[in-house]
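Working notes, beginning with the structure itself.
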Amino acid sequence: KIGIKVKTDAEFIKQLRKILKYYGELKDFYKKNGEEIKKGRLLFALLLRGIKPGEIKRWCFEMKVRKKDLNIILETYNKWNEIKKNLKNAVKRNSTLYYMVSRIPPELQVIACSWGSVYYKNIKKYLTYLSGLHLEINGETLKDMGYQPSEKFRDVLGKLFEMKLDGKISSREDEIHNLKKLMKVLS
Numbered sequence: 264k265i266g267i268k269v270k271t272d273a274e275f276i277k278q279l280r281k282i283l284k285y286y287g288e289l290k291d292f293y294k295k296n297g298e299e300i301k302k303g304r305l306l307f308a309l310l311l312r313g314i315k316p317g318e319i320k321r322w323c324f325e326m327k328v329r330k331k332d333l334n335i336i337l338e339t340y341n342k343w344n345e346i347k348k349n350l351k352n353a354v355k356r357n358s359t360l361y362y363m364v365s366r367i368p369p370e371l372q373v374i375a376c377s378w379g380s381v382y383y384k385n386i387k388k389y390l391t392y393l394s395g396l397h398l399e400i401n402g403e404t405l406k407d408m409g410y411q412p413s414e415k416f417r418d419v420l421g422k423l424f425e426m427k428l429d430g431k432i433s434s435r436e437d438e439i440h441n442l443k444k445l446m447k448v449l450s
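Residue 264 is where the sequence shown starts when you use our numbering, and the numbers rise one by one after that.
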């Protein structure tokens with residue numbers, strides 16, 4: 264006995280097998296990106312699904328689950344329905360997909376893959392093409408170009424990153440060209 268009542272019927276076992284299949288397939292993407300995904304957290308998140316957050320905390324405390332693991336399990340619990348709703352259709356804009364998926368734990372990303380092919384395609388697109396994307400310029404580049412540090416830096420770099428995600432810019436030169444245009448607009 265582990266102190267929780269969980270219905271581990273044939274449907275649960277089927278879902279668990281599916282999740283473990285996706286875990287095996289995707290775990291290397293997370294290692295490559297410097298993220299950590301743990302099979303134990305995946306299993307706990309699935310076992311504790313449907314239990315109130317207070318009960319999850321109590322159970323994790325009794326089982327001496329680490330605070331970091333507890334926080335990820337709770338975050339998975341809290342974002343489950345939102346992700347199920349937001350990723351049920353193919354997300355066309357890369358920037359939209361990036362901001363949706365980058366804010367959820369890897370464990371929930373893997374669980375979402377088991378919900379169907381559209382979820383899987385969204386997560387796989389994020390992991391394959393978007394998660395490693397970054398700008399070639401930064402705040403130092405702006406300072407080197409003579410701009411004074413300000414709140415605009417974050418806004419401009421955020422907009423440039425969105426443009427890069429959506430394929431509107433691809434090279435450092437594109438970034439600098441669009442940076443100048445954005446700084447003019449915001450001045």
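Cβ atoms here follow ideal geometry from the backbone N, Cα and C, with glycine treated the same way. None of the values given here were measured: they were computed from a predicted structure.
| What does a CB cutoff of less than 6 Å around L420 pick up in its chain, not counting 5 residues either side in sequence? | none
| Going straight from the alpha carbon of L382 to that of N352, what length do you get? | Here residue 382 is Tyr; the residue named in the question, Leu, does not match the sequence. Cα to Cα, Y382 sits roughly 8 Å from N352.
| Every unbroken alpha helix (DSSP H) within the segment 401-443, with a cutoff of 4 residues, ordered by chain | Counting only runs of 4 or more residues that sit fully inside the segment 401-443, the alpha helix (DSSP H) segments are 402-407, 415-428, in chain order.
| query | If you draw a straight line from the alpha carbon of K431 to that of T339, how long is it in whole angstroms? | reply | Computed Cα separation, rounded: 33 Å.
| field | 6 Å CB neighbourhood of E288 in its chain, flanking five on each side removed | value | none
| field | the segment 370-378 in contact with the segment 284-300 per 3-pair CB rule at 8 Å | value | yes
| query | For chain B, is any of its Cβ atoms less than 8 Å away from the one on S394? | reply | Absent from the structure: chain B. Only one protein chain is present.
| query | Where do the N-terminal and C-terminal ends of the alpha helix (DSSP H) with L333 fall, by residue? | reply | Its alpha helix (DSSP H) spans residues 330-349.
| message | One question on the structure: do R312 and I335 come within less than 8 Å of each other, judged by their Cβ atoms? | response | Judged by their CB atoms, R312 and I335 are not nearer to each other than the 8 Å cut-off.
| field | Span separating the alpha-carbon of N341 from that of R356 | value | 25 Å
| message | I believe G402 touches F416 by the beta-carbon criterion, under 8 Å. Please report the beta-carbon distance rounded to the nearest angstrom. | response | 5 Å
| request: Can you tell me which of L333, S358, K384 puts its alpha carbon nearest to the alpha carbon of P368? | output: Considering only L333, S358, K384, the residue with the shortest C-alpha distance to P368 is L333.
| Nearest CA to the CA of K388: which residue from L428, D272, Q411, M326? | L428
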